[in-house]
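If you count the sequence shown from 1, you need to add 3 to reach my numbering.
Note that CB positions come from ideal geometry on N, CA and C, so glycine has one too.
Worksheet: one structure, shown below.
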Amino acid sequence: MPAPSTTPPATDPNTPTIRLEGVHKTYNLGEVQVQALRGVSLEIYPGEFVAVMGASGSGKSTLMNILGCLDRPTRGKYFLDGTDVSSFTKRQLAKIRNTKIGFVFQQFNLLSRTSALENVELPTIYAGISLTERGARARQALERVGLADRAEHFPSQLSGGQQQRVAIARALVNSPSLLLADEPTGNLDSRTSIEIMDIFQRLNEDHGLTVIIVTHEPDIARYVKRALEFRDGRMLRDTPIQDRLFAREVLPTLPSLDDEVEEPVSGSASAADHSPAG
Ligand code: ADP
Ligand code: MG
4 MPAPSTTPPA
14 TDPNTPTIRL
24 EGVHKTYNLG
34 EVQVQALRGV
44 SLEIYPGEFV
54 AVMGASGSGK
64 STLMNILGCL
74 DRPTRGKYFL
84 DGTDVSSFTK
94 RQLAKIRNTK
104 IGFVFQQFNL
114 LSRTSALENV
124 ELPTIYAGIS
134 LTERGARARQ
144 ALERVGLADR
154 AEHFPSQLSG
164 GQQQRVAIAR
174 ALVNSPSLLL
184 ADEPTGNLDS
194 RTSIEIMDIF
204 QRLNEDHGLT
214 VIIVTHEPDI
224 ARYVKRALEF
234 RDGRMLRDTP
244 IQDRLFAREV
254 LPTLPSLDDE
264 VEEPVSGSAS
274 AADHSPAG
């Protein structure tokens, strides 16, 4: 018998993880209606790695909020792992979100007075995981993003890239089958962005996790397998990525930043003016 796997139970590869049929989203602002999505149909299968691209205001975040069960379509259907969730109540959506979906945001959204480990543990509380298992799961998730040695640090004691890795660990802690990330590298420098793409690629390749990220940077989209381009609430293009890049190959070719060394506090022009002569 093969050893039991720690990856999530294999889903039927023939059932799309995501199927949208004619999805519309209209925001009602009193007099004005904003049509954020205007008839989006699409399928994403288990093990895919997709980038959602498009200009600001094209509907990317609206789409991600629907895919992540944070919001519902105004019209059209959303099947998640074969289940029609478009008419689910908020309570039903919250439950499915907790068990199937991990979400990563541009702003990390960590609790500042809470350690990395406790931040990662939070979703296990909502999922009703036993107290003894919470810590173990959270440590395991931190290990998967290479931050086991930072468990007791507070967000303010971590670099931006490390904070985003904590947020990814938090998204992984309930073993979701779908990872959604809305501009996960939007607040990071280019090397750190590729380190984050490295984590997503490893999760996708090694653990078969389905990953969908929003990015407006073509350089970042070269690390995924498939790109969807949005404009004015519609999907314009759906293309496989040619000449895909692998972060683990690119990273060694980049100049390394000494990210353990804190930058001097900005505004201290005197540091340059009075730099020691020798
Ligand atoms: P993107 O993420 O591509 O920048 P969004 O999905 O955030 O685009 O926005 C799409 C459109 O919907 C924009 O015109 C935006 O102003 C509008 N919009 C987004 N969220 C809301 C909201 N909560 N209420 C009203 N309008 C919204
Ligand atoms: Mg957005």
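Below 8 angstroms, is the gap between the Cβ of residue i and the nearest heavy atom of the ligand ADP?
{"i": "Val53", "result": "no"}
{"i": "Gly236", "result": "yes"}
{"i": "Val217", "result": "yes"}
{"i": "Ala39", "result": "yes"}
{"i": "Ser59", "result": "yes"}
{"i": "Leu248", "result": "no"}
{"i": "Leu32", "result": "yes"}
{"i": "Phe108", "result": "no"}
{"i": "Leu182", "result": "no"}
{"i": "Leu66", "result": "yes"}
{"i": "Phe283", "result": "The chain is shown only over 4 to 281; residue 283 falls outside these bounds and no answer can be derived."}
Helix, strand or coil, according to DSSP, for residue i in the structure here?
{"i": "Arg22", "result": "strand"}
{"i": "Thr242", "result": "strand"}
{"i": "Tyr48", "result": "coil"}
{"i": "Ser269", "result": "Any answer about Ser269 is weak, because its pLDDT of 46 lies below 50 and its placement is not dependable; what the coordinates show is given next. Residue state, collapsed to three classes: coil."}
{"i": "Gly138", "result": "helix"}
{"i": "Lys63", "result": "helix"}
{"i": "Pro16", "result": "coil"}
{"i": "Arg100", "result": "helix"}
{"i": "Val88", "result": "coil"}
{"i": "Ser278", "result": "Bear in mind that the predicted position of Ser278 carries a pLDDT of just 40, short of 50, making it unreliable; the figure below should be weighed with that in mind. DSSP places Ser278 in coil when its eight states are reduced to three."}
{"i": "Thr10", "result": "The pLDDT assigned to Thr10 is 46, lower than 50, so where the model puts this residue is not dependable, and the model offers no usable value."}
{"i": "Gly131", "result": "coil"}
{"i": "Arg41", "result": "strand"}
{"i": "Asn122", "result": "helix"}
{"i": "Glu263", "result": "Confidence is the limiting factor: at Glu263 the pLDDT is only 49, short of 50, which leaves the residue's position unreliable and the question unanswerable from this model."}
{"i": "Arg94", "result": "helix"}
{"i": "Asn68", "result": "helix"}
{"i": "Leu113", "result": "coil"}
{"i": "Leu32", "result": "strand"}
Can we count residue i as close to the ligand MG, meaning its CB is less than 8 angstroms from some heavy atom?
{"i": "Lys28", "result": "no"}
{"i": "Asp241", "result": "no"}
{"i": "Lys63", "result": "yes"}
{"i": "Glu186", "result": "yes"}
{"i": "Ser118", "result": "no"}
With residue i as the anchor, note down where its beta strand (DSSP E) starts and where it stops.
{"i": "Ala58", "result": "Run containing Ala58: none; DSSP gives neither H nor E here."}
{"i": "Arg78", "result": "78-83"}
{"i": "Ala230", "result": "229-234"}
Note the first and the last residue of the continuous alpha helix (DSSP H) segment covering residue i.
{"i": "Glu252", "result": "250-253"}
Quick check: does the Cβ of residue i come within less than 8 angstroms of any heavy atom belonging to the ligand SAH?
{"i": "Leu83", "result": "Although the ligand SAH was asked about, the structure shown includes only the ligand ADP and the ligand MG as ligands."}
Restricting to runs no shorter than 3 residues, where is the beta strand (DSSP E) found entirely within the stretch 147-226?
181-185, 213-217
Is the stretch 150-159 touching the stretch 124-131, taking contact as three or more C-beta pairs under 8 angstroms?
no
Is the stretch 27-34 touching the stretch 69-79, taking contact as three or more C-beta pairs under 8 angstroms?
yes
Please confirm if the stretch 111-127 is in contact with the stretch 191-199, defined as three or more CB-CB distances below 8 angstroms between the two stretches.
no
Using 8 angstroms as the cut-off, can you tell me whether the stretch 215-235 makes contact with the stretch 178-197, which would need three or more C-beta pairs spanning the two stretches below that distance?
yes
Taking contact to mean at least 3 C-beta pairs separated by less than 8 angstroms, is the stretch 147-154 in contact with the stretch 98-114?
no
Given 8 angstroms as the limit, is there contact between the stretch 54-69 and the stretch 227-238, that is, 3 or more CB pairs closer than that?
yes
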